[in-house]
């Protein structure tokens, strides 16, 4: 009875050598283990004491023929290559169909992607694009030159979310993620204060843990309102260096969203009198500010409300155009 041909498949997004118990058992019990030289997984197995016979790259049919023949002596494990060994599984299938007593063929998954593993691919692709030999356009970009794209992608992501179309949302959130990865990759090249995507992610994790003590510590917050109040308290402690309530609100925000932030910040600081004084001037800007404050007091997102009205207006305009009214 021939042995088995075991095709060991692993993910390149997990450190080499981190394998399932079943994979290690198959490797330990195998008559022979084969793999390509210079593969990280092969190097990790050799370091762990597994004897791996190196097989240079060649035609999949030749490798399949040799694997099936070697299985006459016992189980043989092929350590899958990082390129996925295109054509190998089909070639093995062809070989075993020719034999009256073929060996069993097993596809053994040795490691699995964890949630978020594809983010490693984003980092790797972005590094390739930005590095020598990559994309000339990507290589020329700076933090400043990418700002218009960051702004545009943020607005497109908002539009996709409001559309309710999951496919559209996925695409636009991906484009927004690209901007974070791109900016982080550019930052790695700063001559004095470089940082990378791990620094960005690490800072985010620290902030999330710090601002959620009801999850990661012993603070109690059983309702959404309690969580929000706790968040604001922690945030206020972190921002004690602020010299006035609206410091830190980006000037690049659209005026309506900026007005909402000002009204909210000043209300929390107990300085509604400043908003009263601005509204009392009576000019057009003051009237718009009064509307924003009224919306805020009613729990309405003025920005979202206006966008909804504009969507309705656009739909009405399209209907008129379809009827020939735009001619």
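Residue numbers (this note's numbering): 283 to 609.
Cβ coordinates follow ideal geometry from the N, Cα and C atoms, glycine included.
Alpha-carbon to alpha-carbon, residue j and residue i
i, j, result
"residue 296", "residue 394", "8 Å"
"residue 267", "residue 421", "As displayed, the chain neither begins before 283 nor continues past 609, which places residue 267 out of reach and without an answer."
"residue 419", "residue 428", "11 Å"
"residue 286", "residue 336", "19 Å"
"residue 454", "residue 334", "45 Å"
"residue 298", "residue 413", "25 Å"
"residue 516", "residue 525", "17 Å"
"residue 289", "residue 457", "36 Å"
"residue 459", "residue 385", "47 Å"
"residue 582", "residue 430", "29 Å"
"residue 609", "residue 592", "Residue confidence for residue 609 is low, a pLDDT of 47 falling below 50, so the modelled location carries little weight and cannot support an answer."
"residue 486", "residue 493", "11 Å"
"residue 470", "residue 321", "28 Å"
"residue 513", "residue 397", "27 Å"
"residue 352", "residue 358", "7 Å"
"residue 415", "residue 400", "23 Å"
"residue 328", "residue 305", "15 Å"
"residue 355", "residue 348", "12 Å"
"residue 478", "residue 558", "44 Å"
"residue 434", "residue 461", "10 Å"
"residue 423", "residue 540", "28 Å"
"residue 509", "residue 325", "49 Å"
"residue 566", "residue 594", "24 Å"
"residue 568", "residue 555", "14 Å"
Residue burial classification, residue i (beta-carbon count within 10 angstroms, cutoff 16)
i, result
"residue 367", "buried"
"residue 363", "buried"
"residue 318", "buried"
"residue 602", "exposed"
"residue 473", "exposed"
"residue 294", "buried"
"residue 382", "exposed"
"residue 538", "buried"
"residue 464", "buried"
"residue 449", "exposed"
"residue 476", "exposed"
"residue 389", "exposed"
"residue 301", "buried"
"residue 281", "Nothing can be reported for residue 281, as the shown portion of the chain is limited to 283 through 609."
"residue 311", "exposed"
"residue 520", "exposed"
"residue 373", "buried"
"residue 536", "exposed"
"residue 545", "buried"
"residue 346", "buried"
"residue 571", "buried"
Enclosing alpha helix (DSSP H) for residue i [first to last residue]
i, result
"residue 582", "Taken as a continuous stretch (DSSP letters only), residue 582 belongs to no alpha helix (DSSP H), as it is neither H nor E."
"residue 404", "400 to 412"
"residue 565", "Careful: residue 565 lies outside any alpha helix (DSSP H) and carries neither H nor E."
"residue 558", "554 to 561"
"residue 542", "537 to 550"
"residue 420", "418 to 422"
Beta strand (DSSP E) segment containing residue i, residue limits
i, result
"residue 447", "Premise fails: residue 447 is in no beta strand (DSSP E) and is neither H nor E."
"residue 290", "286 to 291"
"residue 381", "Here residue 381 belongs to no beta strand (DSSP E), and DSSP marks it neither H nor E."
Same chain only: Cβ atoms within 7 Å of residue i, ignoring 5 sequence neighbours per side
i, result
"residue 409", "467"
"residue 542", "574, 578, 584, 585"
"residue 369", "342"
"residue 314", "335, 352, 358"
"residue 378", "350, 384, 385, 387"
"residue 596", "none"
"residue 405", "463, 479"
Contacting residues, own chain, Cβ-Cβ under 8 Å from residue i (five flanking each side not counted)
i, result
"residue 547", "527, 528, 531"
"residue 451", "439, 442, 443, 445"
"residue 403", "295"
"residue 376", "343, 346"
"residue 553", "527"
Contact set for residue i: own chain, Cβ-Cβ below 6 Å, skip 5 residues either direction
i, result
"residue 498", "491"
"residue 533", "none"
"residue 291", "362, 391"
"residue 417", "411"
"residue 316", "335, 337, 360"
"residue 495", "501"
**Message:** What ranges does the beta strand (DSSP E) occupy inside the segment 302 to 372, keeping only unbroken runs of at least 3 residues that lie completely in it?
**Reply:** Listed in chain order, the complete beta strand (DSSP E) runs (minimum 3 residues) inside the segment 302 to 372 are 314 to 317, 358 to 361.
**Asked** At what residue ranges does the segment 459 to 521 contain a whole run of the beta strand (DSSP E), taking only runs of 3 or more?
**Response** Counting only runs of 3+ residues, no beta strand (DSSP E) is found wholly inside the segment 459 to 521.
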